[in-house]
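Residues in the sequence shown are numbered from 8 upward in steps of one, following my numbering. This report refers to the structure that appears directly beneath it.
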Amino acid sequence: MPIPEDVTGEEIDQDVRQELQSLPKTLAEDVARNLVMVARLLDEDPESAYGYSKVALRLASRVAAVREAAGFAAYANQKYSEALAEFRAARRMTGSVELWPLMADCERGLGRPEKALDMAGAAEVHKLDKAGQVEMRLVAAGARRDMGQLDAAIVTLQSPELASNSVQPWTARLRYAYADALFAAGRQGEAREWFAKAVEADKDGSTDASDRLAELDGVDFVDALDESESESDSEGANGDVSGEQAPGELEEGDDE
């Protein structure tokens, strides 16, 4: 796959660069450049990111960072079985529990929420940092919802992190998940309160909490283009009596 000339491979993290030092220099550079493309495209073009991850995997399958990147790319494309296999491989190589929540979410994606809940109760969870533990809580709540246990999902999300006024990287998503669970349970008043709290924490727009809040408040957003076209149609209907049709306009009854 083509890689832009401005991608040198030096953009990757120092830890990953150190891992690649076990490879011949030219090979390490090729792998690094492909990993940069995976990171660059993962959100905006996950399919292309997946393609670059497969190239890196073919070149250096024994490097943990490569297996992890392949896992993230597969996960972004909802290839959960493949993602789980890559995450497991990376964990075997490093011994780290960092990927544990993602592995559990892959189990959810494969239709095995019970397995995800088993993982949420495993000893590995206690070894996670605070961010990882919050992610695990989100996955466990999702698994409860998968199983139709809505009240249990709500209880699962109730935590010191949820109650805290401190805004952390996970705060918006945690509040949003709680609001969404409350809404699904028919508790609209409480859901509105927590969607509003999610908006307060969501500075980078990682959730659609503002849209959900507006929906609960009965606010309708009208597209400016649609509004302009509506006004134009109204003027044509009321003011144009020539009977002639302007180029590109539809006569009444025509299909777009």
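Beta carbons: idealized from backbone N, C-alpha and C, even for Gly.
Based on Cα-Cα distance, which residue from the options lies nearest to residue i?
i	options	result
G225	G16, E121, R199 and K204	R199
A148	L189, K134 and N172	L189
E36	E51, G58 and V73	V73
E121	M44, Q156 and N172	Q156
G193	W107, A203, L223 and P167	L223
A97	F79, Q140, G58 and V146	F79
Measure the Cβ-Cβ separation of residue i and residue j and say whether it is below 9 Å.
i	j	result
A191	V206	no
V100	A71	Checking the sequence, you will find Met at residue 100 rather than Val. Taking 9 Å as the Cβ cut-off, M100 and A71 qualify as a contacting pair.
A127	R152	no
Y82	L117	no
L30	V38	yes
A179	T214	yes
Give me the Cα-Cα distance between residue i and residue j, rounded to the nearest whole angstrom.
i	j	result
V14	S55	16 Å
A76	S60	6 Å
E242	P53	Low confidence applies here, because E242 scores a pLDDT of 49, under 50, leaving its location unreliable; read the following figure in that light. C-alpha separation (whole angstroms): 45 Å.
S68	P176	31 Å
L42	I19	8 Å
C113	S103	17 Å
G16	E93	22 Å
K210	D22	29 Å
A184	L164	8 Å
D158	D125	19 Å
Determine the extent of the alpha helix (DSSP H) in which residue i is found, giving its start and end residues.
i	result
K61	P53 to L66
P120	P120 to A127
K137	K137 to D153
Q85	Neither: Q85 is in no alpha helix (DSSP H) and is coded neither H nor E.
S171	Neither: S171 is in no alpha helix (DSSP H) and is coded neither H nor E.
L189	T178 to A191
L109	W107 to G116
D211	Looking at the DSSP string, D211 is not in any alpha helix (DSSP H), and its letter there is neither H nor E.
A160	L157 to L164
Q7	The shown model of the chain, from 8 to 263, leaves out residue 7, and the question about it has no answer.
Taking only beta-carbon positions, decide if residue i is within less than 9 Å of chain D.
i	result
A184	You won't find chain D in this structure, because it holds only one protein chain.
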